[in-house]
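Colleague: What follows is a single structure, and I will ask about it in a moment.
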Amino acid sequence: MPDKDDNITVAFQPDGRKVKVPIGFTALDATIKGGIGVEGPCGGQGTCGKCKVRLFPCEGKGLPEPNGHELKALTKAELKDGIRLACQAVLGCDCTIEIPKDSRMYKHLILMTGLESATAPAPNISVDVREKAGEKTTYILMGKKRIAKRKGEHLEIYGAAIDLGTTTVVCHLVDLREGSTIESTVALNPQVVRGDDVITRIKYASTQEGFEWMVTKAREVVGTLIVQACDEAGVDPRLVFEVVLAGNTCMHHFFFGLPVDGLGHAPYLPAHIGSLTAPAKKLGLVVNAAAQVYALPIFAGFLGADAAAVALTSALDAYPGTRMAIDIGTNGEIMLCSKGKIYGCTSPAGPAFEGAQISCGMRASTGAISYVTFENGKFAYSVIGGVKPRGITGSGLVDIAAQLLKADLMDMHGKLKEDKKGGIRQGPDGLELLLVPKADTDIGRDIVVTQKDIRQLQLAKAAIASGISIILAEAGITPEDLDDIYVAGAFGNYIDRHSAMDIGLIPRMDPKKIVSIGNAAAIGAKRALVSMTERARAESLQGRMNHIDLAGKKDFQEVFMEHINF
Ligand code: FES
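The sequence shown begins at 2 in the numbering used here and counts up by one.
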């Protein structure tokens, strides 16, 4: 029964938790309020079909009829069983929501570390201890400016390096005297409940309320991670004097409260270019009152502060030869140094590499199939966490495509070939690969790869491969001229180099030259925190970066089509 304020009670099963929400909340809003993670890659638009829950109205009261999105995404049997799309089902009475295993957001594997090389500490923050009449006073300096003072001699100074990613957020608490990480904390970006990709979040932020929600969540997660890291390290957060932030342009803008509407459509114009500094207090961070947040430069559009951090980690500007650095995600960032020149572009790969818009796709979390082989006529796979599989992550999908090609179960155009022995069968939407039968999964249904999934992968890989091809052409070189390719991010960490080359995602080269550099964004942020020399390097890249606007390239479609085949 609604209470006097028109609030209803929603209970969650099997969690046993209850929350009060206003009438008119969707089931997804209720799960967010209840702190229960439900997948919602499309951000509640009703298009991904991943937020399935079972609804039980109390006191036999009915629920609103399923809407068009639900009728499209759910089978008759599911509807009969009370399954609804959490983002579409509007609640009007007390009810219970059961969250099935395959809709639950599981523990995400967050890549914290990356390629680290020694950085001599030369931070922006330093201490100056003065003695007068036998009494010592410690001054904290930011550059040459005194920003704080304490009685006595206190040499401790700390900083936090943040990678504010679309999916995950990492914080390294750094002892600025030593330049070393003393504690690291990680979290899922709380904004994921409003969509997996930045464009969906930008749409959500198109209302003032939605924008404020995004800004609050971005600041909250960063603040929480800093405080957690301080707690775990036994450091007073007031001794954190500087925060350095890396993150894609959209996350950066949310964090600083900058408008994001220009990023939602071509030509993807950011509200700010270059680096940015703001008082930490204004951004709600519980650190020293005089602390500041410095964000690495945004070069152009989505070639943002995360790309600047990757450039630092891969020493792109300092490398004397020809090196490429790529970060493969929803928006792939590709940078190249060749003959002393730096080039950069972004390529909209879409969310397939992150497992979204793939029928059994999921992010790299517990239960995700991340590695697949085909031996003796059978597919074999590895599952993150060593549990029963729940879905396939991007790297697993790349392996599957490579193995299908090798086993001649798919042609170079990406067309599956019916072969029952090889596991290719007719499914409800055409041919599909049965990878794991229902009995061996944790989700009570088969894990399959459909023809449509393969098409999504083709589009994603063609976007990245076209970006690579165009940037090489711009520099007047060929893949053979590359000394190495540094691959950043979680996808780069899990991906099998041979599979990536077999499907044409990365140019064919000596596999030893493909180097995974882990969470290069977090490491780059740390470098800029620890050393003003590194920060100056990042700033100088701003002027040196030759940004290539792929969408503006006349031949982009042509190049894209050249890379659509495997
Ligand atoms: S269909 Fe509900 S979040 Fe995508």
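Note that the Cβ used here is the ideal one computed from N, Cα and C, for glycine as well.
For residue 276, which three-state DSSP category applies?
Modeller: Looking up residue 276 in the sequence shown gives position 275. Residue 276: strand per DSSP, three-state reduction.
Colleague: Anyone know if the C-beta pair for residue 493 and residue 517 falls short of 8 Å?
Modeller: Within the sequence shown, residue 493 is the residue found at index 492, counting from 1. Within the sequence shown, residue 517 is the residue found at index 516, counting from 1. Yes, these two residues count as a Cβ contact at 8 Å.
Colleague: Taking the alpha-carbon positions, what's the residue 224 to residue 105 distance?
Modeller: Indexing the sequence shown from 1 puts residue 224 at position 223. Indexing the sequence shown from 1 puts residue 105 at position 104. The straight-line gap from Cα to Cα measures roughly 26 Å.
Colleague: Within its chain, find whatever has a CB closer than 8 Å to the CB of residue 549; leave out the 5 residues flanking it on each side and keep chain order.
Modeller: Stepping through the sequence shown from its first residue, residue 549 is reached at position 548. Correct list, in chain order: 344, 345, 346, 471, 472 and 475.
Colleague: Taking 8 Å as the threshold, find out whether the stretch 194 to 210 comes into contact with the stretch 142 to 162 through three or more Cβ pairs.
Modeller: no
Colleague: Within the present structure, is the beta-carbon of residue 87 separated from the nearest heavy atom of the ligand FES by less than 7 Å?
Modeller: Against the sequence shown, residue 87 aligns to sequence position 86. True, at least one ligand heavy atom lies under 7 Å from that Cβ.
Colleague: Residues in the same chain with beta-carbon distance under 6 Å from residue 557, minus the five sequence neighbours each way, listed in chain order, please.
Modeller: The count along the sequence shown starts at 1 and reaches residue 557 at position 556. Same-chain partners within the cutoff: 551.
Colleague: What is the residue span of the beta strand (DSSP E) that residue 485 lies within?
Modeller: Residue 485 sits at position 484 when you count from the first residue of the sequence shown. Unbroken beta strand (DSSP E) run through residue 485: 485 to 489.
Colleague: Please state the DSSP three-state secondary structure of residue 17.
Modeller: By 1-based counting over the sequence shown, the position of residue 17 is 16. Of the three classes helix, strand and coil, the one that applies to residue 17 here is coil, per DSSP.
Colleague: Are residue 525 and residue 365 touching if we call contact CB-CB under 8 Å?
Modeller: Here residue 525 is taken as the residue at index 524 of the sequence shown, counted from 1. Here residue 365 is taken as the residue at index 364 of the sequence shown, counted from 1. Result no, Cβ atoms of residue 525 and residue 365 do not sit closer than 8 Å.
Colleague: Quick one: give me the first and last residue of the alpha helix (DSSP H) that residue 558 is part of.
Modeller: For the purposes of this step, residue 558 is taken as the residue at position 557 of the sequence shown. Note, residue 558: alpha helix (DSSP H), 557 to 563.
Colleague: If you run the structure through DSSP and keep just helix, strand and coil, what is residue 249?
Modeller: Position 248 of the sequence shown holds residue 249. Reduced to three states, the DSSP call for residue 249 is coil.
Colleague: Indicate, with yes or no, if the ligand FES has a heavy atom lying under 7 Å from the CB of residue 346.
Modeller: Here residue 346 refers to the residue found at position 345 of the sequence shown. Outside the cutoff, so no.
Colleague: Rounding to the nearest angstrom, what Cα-Cα distance links residue 139 and residue 146 in this structure?
Modeller: Stepping through the sequence shown from its first residue, residue 139 is reached at position 138. Stepping through the sequence shown from its first residue, residue 146 is reached at position 145. Taking the straight line joining both Cα atoms gives about 13 Å.
Colleague: At which residue ranges does the stretch 164 to 202 contain complete beta strand (DSSP E) runs of 3 or more residues, listed in the order of the chain?
Modeller: 169 to 176 and 181 to 189
Colleague: Report the start-end ranges of each beta strand (DSSP E) in the stretch 383 to 453 that is 3 residues or longer and not cut off at the edges.
Modeller: 425 to 428, 431 to 437 and 448 to 451
Colleague: Enumerated in chain order, which unbroken segments of the beta strand (DSSP E) with a length of 3 residues or greater are wholly contained in the stretch 262 to 349?
Modeller: 275 to 280, 293 to 299, 324 to 328, 332 to 339 and 342 to 349
Colleague: Look at the alpha carbon of residue 281 and the alpha carbon of residue 490, and state the distance between them as a whole number of angstroms.
Modeller: Walking along the sequence shown from the start, residue 281 turns up at place 280. Walking along the sequence shown from the start, residue 490 turns up at place 489. Roughly 27 Å between the two C-alpha positions.
Colleague: Just to confirm, does residue 51 get its C-beta within under 7 Å of one of the non-hydrogen atoms of the ligand FES?
Modeller: The residue you call residue 51 lines up with position 50 of the sequence shown. Yes, the beta carbon of residue 51 sits closer than 7 Å to at least one heavy atom of the ligand FES.
Colleague: Say the cut is 7 Å; is the CB of residue 543 nearer than that to a heavy atom of the ligand FES?
Modeller: Mapped onto the sequence shown, residue 543 falls at position 542. It does not: the Cβ of residue 543 is nowhere closer than 7 Å to a heavy atom of the ligand FES.
Colleague: Return the CA-CA distance between residue 431 and residue 455, expressed in angstroms with no decimal places.
Modeller: Here residue 431 is taken as the residue at index 430 of the sequence shown, counted from 1. Here residue 455 is taken as the residue at index 454 of the sequence shown, counted from 1. Computed Cα separation, rounded: 12 Å.
Colleague: What separation, rounded to the nearest whole angstrom, lies between the Cα atoms of residue 81 and residue 12?
Modeller: As a first step, residue 81 is located in the sequence shown; it is residue number 80 there, counting from the start. As a first step, residue 12 is located in the sequence shown; it is residue number 11 there, counting from the start. When rounded, the distance between both Cα atoms is 21 Å.
Colleague: What first and last residue would you give for the beta strand (DSSP E) that runs through residue 81?
Modeller: Here residue 81 corresponds to residue number 80 of the sequence shown, with the count starting at 1. Unbroken run through residue 81 is the alpha helix (DSSP H), 77 to 81; no beta strand (DSSP E).
Colleague: Which residues mark the beginning and the end of the alpha helix (DSSP H) in which residue 220 is found?
Modeller: Within the sequence shown, numbered from 1, the residue matching residue 220 stands at position 219. Looking at the DSSP string, the run of the alpha helix (DSSP H) that includes residue 220 is 209 to 234.
Colleague: In whole angstroms, what separates the C-alpha of residue 543 from that of residue 276?
Modeller: On the sequence shown, position 542 is the one that residue 543 refers to. On the sequence shown, position 275 is the one that residue 276 refers to. Approximately 9 Å, taken between the alpha carbons.
Colleague: Report the residue from 433, 435, 308 and 253 whose alpha carbon sits nearest the alpha carbon of residue 284.
Modeller: Here residue 284 refers to the residue found at position 283 when the sequence shown is read from its first residue. Checking every option, the nearest Cα to that of residue 284 belongs to 253.
Colleague: For residue 59, name the three-state secondary structure that DSSP assigns.
Modeller: Here residue 59 refers to the residue found at position 58 of the sequence shown. Residue 59: helix per DSSP, three-state reduction.
Colleague: Who are the near neighbours of residue 498 in its chain, counting only those whose CB is closer than 8 Å to its CB and skipping five residues on each side?
Modeller: For the purposes of this step, residue 498 is taken as the residue at position 497 of the sequence shown. Excluding sequence neighbours, residue 498 sits near 507, 512 and 515.
Colleague: Which residue wins for smallest C-alpha separation from residue 168, given the options 118, 189 and 408?
Modeller: The count along the sequence shown starts at 1 and reaches residue 168 at position 167. Out of 118, 189 and 408, 189 has the C-alpha closest to the C-alpha of residue 168.
Colleague: Using alpha carbons as the reference points, say which of 357, 36 and 482 lies closest to residue 14.
Modeller: The residue given as residue 14 occupies position 13 in the sequence shown. Closest by alpha carbon: 36.
Colleague: For a test of your reading of the model: does the CB of residue 43 fall under 7 Å from any non-hydrogen atom of the ligand FES? Yes or no.
Modeller: For the purposes of this step, residue 43 is taken as residue 42 along the sequence shown, with counting starting at 1. True, at least one ligand heavy atom lies under 7 Å from that Cβ.
Colleague: Can you check which of these residues, 83, 219 and 242, is closest to residue 178 by C-alpha distance?
Modeller: Sequence index remark: in the sequence shown, residue 178 carries index 177 (1-based). Minimum Cα distance to residue 178 is reached at 242.
Colleague: Would you mind reading off the limits of the alpha helix (DSSP H) that contains residue 537?
Modeller: What you label residue 537 is simply residue 536 of the sequence shown in a count that begins at 1. Residues 533 to 545.
Colleague: Using 8 Å as the cut-off, can you tell me whether the stretch 257 to 270 makes contact with the stretch 312 to 320, which would need three or more C-beta pairs spanning the two stretches below that distance?
Modeller: no
Colleague: Whole angstroms is fine: what's the gap from residue 222's alpha carbon to residue 247's?
Modeller: As a first step, residue 222 must be located in the sequence shown, where it is residue number 221. As a first step, residue 247 must be located in the sequence shown, where it is residue number 246. For residue 222 and residue 247, the gap between their C-alpha atoms comes out near 14 Å.
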